[in-house]
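First up is the structure itself, then whatever we jot down about it.
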Amino acid sequence: MANNKRELFLKRRVRVRNRIKAVAHGRLRLSVHRSSKNIMVQLIDDVKGVTLASASTLEKELGFVGKNNIEAAAKVGATIAERAKAAGVEECYFDRGGFLFHGKIKALADAAREGGLKF
């Protein structure tokens, strides 16, 4: 029963999202997406269906356009924490999607925590 990488990724993503939905109780979700060239993060209110804040390496003011490394992830994490504070958000759930919690995803989460987000 050999699964390919995509199927395993999708299984992890569904498992993580179902767990977050089961315990969310109206708390916001910090959703991360990582491509081969960029990393994006959004602060989402699932009850209202609204994105409150977002940050990405695609933004020119961050200076990491087309970069997908640990330094860029840390900068995006610090930026989303700053924007979340501006939106009045202090607590959320970290939705890593199907990505494993190490490397760039961990660097982003650590920078967001240092910036004041609690998850």
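The numbering of the sequence shown is my numbering, which starts it at 1428 and goes up by one.
We put the CB at the ideal spot given by N, CA and C, even for glycine.
Beta-carbon proximity list for residue i, same chain, < 6 Å, skipping 5 on both sides
i, result
"HIS1460", "MET1467"
"ALA1508", "ALA1539, GLY1542, GLY1543 and LEU1544"
"PHE1436", "GLY1525"
"LYS1464", "GLY1493 and ASN1495"
Cβ-based neighbour list, residue i, same chain, cut-off 8 Å, excluding 5 preceding and 5 following
i, result
"GLU1518", "ARG1454, LEU1455, LEU1544, LYS1545 and PHE1546"
"ALA1513", "ALA1480"
Residue(s) in a DSSP beta bridge with residue i
i, result
"VAL1459", "VAL1468"
"LYS1545", "GLU1518"
Within 8 Å, strictly: CB atoms of residue i and residue j
i, j, result
"LEU1470", "LEU1457", "yes"
"ALA1539", "ALA1500", "no"
"ARG1440", "GLY1525", "yes"
"ARG1510", "ALA1482", "yes"
"LYS1494", "THR1484", "yes"
"LEU1479", "ASP1473", "no"
"VAL1450", "ASP1522", "no"
Beta-carbon contacts of residue i that lie in its chain and below 7 Å, excluding the five residues immediately before and after
i, result
"THR1506", "ALA1482 and LEU1489"
Integer-rounded CB distance, given that residue j should sit under 8 Å from residue i
i, j, result
"LYS1531", "ILE1497", "6 Å"
Heavy atom of the ligand NAD within 7 Å of residue i beta-carbon
i, result
"SER1481", "Looking at this structure, you won't find the ligand NAD or any other ligand, since it has none at all."
Interface flag, residue i vs chain B, CB-CB below 8 Å
i, result
"THR1484", "Absence of chain B from the displayed structure is noted, only one protein chain being present."
Query - Sequence ranges, alpha helix (DSSP H) only - wholly within the segment 1463-1524, length at least 4 - result: 1497-1513
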